[in-house]
Amino acid sequence: MSLEGAASKLQDQFQIVQRTDFRGEITLELALGHIEEACKFAKEQLGFNFLSDLSSVDNYGDEPRFEVVYELYSLDSNIHLRLKTRVSEDHLEAPSVAHLWATANWHEREVYDMMGIRFSGHPDLRRIIMWEGYPYHPLRKDFPLEGKPSEMPDVAFSQTAPLAGGPFVTLPSPGHIEDREPRARHAEEL
Amino acid sequence: MVTTAPAAYDSKVEGNIIFSRLDACINWMRKNSLWPMPMGLACCAIEMMAAACARYDIARFGAEVMRFSPRQSDVMIVAGTVTYKMALAVKRIYDQMPEPKWVIAMGACASSGGMYRSYAVLQGIDHLLPVDVYISGCPPRPEALLEGLMKLQRKIELEKSLTDQKKELLEVYS
Chain A
115 MSLEGAASKL QDQFQIVQRT DFRGEITLEL ALGHIEEACK FAKEQLGFNF LSDLSSVDNY
175 GDEPRFEVVY ELYSLDSNIH LRLKTRVSED HLEAPSVAHL WATANWHERE VYDMMGIRFS
235 GHPDLRRIIM WEGYPYHPLR KDFPLEGKPS EMPDVAFSQT APLAGGPFVT LPSPGHIEDR
295 EPRARHAEEL
Chain B
145 MVTTAPAAYD SKVEGNIIFS RLDACINWMR KNSLWPMPMG LACCAIEMMA AACARYDIAR
205 FGAEVMRFSP RQSDVMIVAG TVTYKMALAV KRIYDQMPEP KWVIAMGACA SSGGMYRSYA
265 VLQGIDHLLP VDVYISGCPP RPEALLEGLM KLQRKIELEK SLTDQKKELL EVYS
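Okay, here's the thing in structure tokens:
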């Protein structure tokens, strides 16, 4: 099956919010309520037997704020299709697809850990990278790179990293180290 | 320090007695059999393994016995990025090492957090452990680890082992 054929079959079957064609890749955005059914259809009817990634995007300031992105791949037809759905900050919950592709289990745990989107029906929704009890979701746009202090006695703690105004940059020059390695530098200085 | 001059008080053992300070002997023994606790957390650990292999051969300095049990080790080589998730585990392992014990912070990450100025990485293991030697590099070459080890040996040579660490023993025999 061709990618175009698979995409049009999905479009016939489900209501598509938006279709994006870019450099041979097709992205279909679906409503949150349809995404689980669409994934099931894509796997069972269209042969997308491999979920190569499941990730999330924080469009801070937009409504709905978050996106969950499903990268589907068919190992038989060698085609790649991207599905997307939007999740509102007020109701941070998406359906789990771990029952369709086992690999979604850990990917969804990562999305939950980093973005705070919960997956309903997930068999084991715990944090996967940060420790259980860490109070923040660090990949969100409103979370500072230097982190926030936290404390879990006997488990872990975190502190604020000294960014001193910006990410670490350096320029080769014979000047003093304070001039060569300021902690923040504007683009026009580079 | 070492002399083979005849001991005047007993001619029977002449030539077989070495006079030295007890401190010097203790330190000499300690510094030449530093058993490392290899706290390998990132790519620095690969260089540490290279230092243990034939080409660099950390055994020349008596530190080839990598103990994966903290209870048998003398020096913890913190080789790599210490994340906050790992930090207290490193501390717990350090706490299980018997005294006297030393810490080498190997590489930029263990020394200062390195390039990871981020929410997830402890900004230097010295926030938790008393570090004796810092080794620069990202990762440091095996020679740098050997140099750090030699620096630690110099440091041990200068310790007052008896007066500082064996106070109770001194009180019994004085």
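As you go down the protein sequences, you meet chains A and B in turn.
Going by our numbering, the letters in the first sequence line up with residues 115 to 304, in that order.
Going by our numbering, the letters in the second sequence line up with residues 145 to 318, in that order.
Don't be surprised by glycine CBs; every beta carbon is placed ideally from N, CA and C.
Cα separation between residue i and residue j?
i	j	result
residue 287/B	residue 222/A	44 Å
residue 136/A	residue 220/B	53 Å
residue 227/B	residue 261/B	11 Å
residue 269/A	residue 206/A	27 Å
residue 319/B	residue 190/B	Outside the modelled stretch of chain B, which goes from 145 to 318, sits residue 319/B, for which no answer is possible.
residue 168/A	residue 185/A	6 Å
residue 192/B	residue 222/B	10 Å
residue 285/B	residue 256/B	18 Å
residue 233/A	residue 173/A	19 Å
residue 161/A	residue 216/A	16 Å
residue 236/A	residue 209/A	8 Å
residue 274/A	residue 165/B	48 Å
residue 277/A	residue 263/A	14 Å
residue 304/A	residue 264/B	Residue confidence for residue 304/A is low, a pLDDT of 47 falling below 50, so the modelled location carries little weight; the figure read from the coordinates is stated next. Whole-angstrom Cα-Cα distance: 29 Å.
residue 124/A	residue 198/A	13 Å
residue 188/B	residue 176/A	42 Å
residue 213/A	residue 271/B	44 Å
residue 206/B	residue 293/B	10 Å
residue 133/A	residue 253/A	27 Å
residue 236/B	residue 178/A	44 Å
residue 245/B	residue 238/B	9 Å
residue 272/A	residue 239/A	22 Å
residue 204/A	residue 256/A	16 Å
residue 186/B	residue 224/B	4 Å
residue 164/A	residue 178/B	51 Å
residue 312/B	residue 218/B	21 Å
residue 138/A	residue 159/A	22 Å
residue 150/A	residue 258/A	33 Å
residue 309/B	residue 295/B	21 Å
residue 318/B	residue 307/B	12 Å
residue 289/A	residue 244/A	40 Å
residue 220/A	residue 166/A	12 Å
Mind listing the chain B neighbours of residue i? Cutoff is C-beta to C-beta under 7 Å, in chain order.
i	result
residue 245/A	229
residue 230/A	Simply none; closest approach about 14 Å.
Short of 8 Å in beta carbon distance, which residues of its chain neighbour residue i, apart from the five on each side in sequence? Order them along the chain.
i	result
residue 129/A	144, 145 and 148
residue 291/B	279
residue 259/B	252, 253 and 282
residue 240/B	214 and 215
residue 231/A	170, 180, 182, 201, 206, 207, 208 and 225
residue 140/A	117, 118, 121, 133, 134, 195 and 196
residue 229/A	170, 172, 180, 251, 253 and 254
residue 176/B	205, 206 and 297
For residue i, collect the residues of the same chain with a Cβ closer than 6 Å to its Cβ; drop the 5 residues on either side in sequence, then sort them by chain order.
i	result
residue 224/A	242
residue 211/A	153 and 218
residue 337/B	Nothing about residue 337/B can be reported from this structure: the residues present for chain B run from 145 to 318 only.
residue 188/A	161 and 162
residue 266/B	226, 228 and 231
residue 157/A	214
residue 247/B	220, 273, 275 and 276
Show which residues of chain A have a CB atom less than 8 Å away from the CB atom of residue i.
i	result
residue 267/B	273, 275 and 276
residue 257/B	275
Please list the partners that residue i has in chain B, where partner means a Cβ-to-Cβ separation under 8 Å.
i	result
residue 270/A	228, 229, 231 and 232
residue 249/A	In chain order: nothing, as chain B lies at least about 12 Å away.
residue 237/A	Chain B residues near residue 237/A: none, gap ~23 Å exceeds 8 Å.
Mind pulling the chain A residues with CB within less than 7 Å of residue i?
i	result
residue 262/B	259, 261 and 275
Within the same chain, show all residues whose beta-carbon is closer than 7 Å to that of residue i, passing over the 5 residues directly before and after it, in chain order.
i	result
residue 127/A	155
residue 305/B	167, 170 and 171
residue 260/A	274, 275 and 277
residue 122/A	none
residue 289/B	191, 192, 195, 250 and 279
So with CB distances below 9 Å, who are the chain B contacts of residue i?
i	result
residue 178/A	Residues of chain B passing the Cβ test: none, with the nearest at roughly 25 Å.
Checklist entry - Are at least three pairs of beta-carbons, each pair with one atom in the region 246-257 of chain A and one in the region 188-204 of chain A, less than 8 Å apart? => result No contact exists between the region 246-257 of chain A and the region 188-204 of chain A.
Checklist entry - Is there contact between the region 176-183 of chain B and the region 202-215 of chain B, where contact requires at least three CB pairs shorter than 8 Å? => result Yes, the region 176-183 of chain B touches the region 202-215 of chain B.
Checklist entry - Should the region 295-303 of chain B be regarded as contacting the region 269-282 of chain B, the criterion being three or more beta carbon pairs within less than 8 Å? => result Touching, yes.
Item to check | Contact set between the region 186-219 of chain A and chain B, restricted to residues whose Cβ is under 8 Å from the partner | outcome: Under the 8 Å Cβ criterion, the region 186-219 of chain A contributes no residue.
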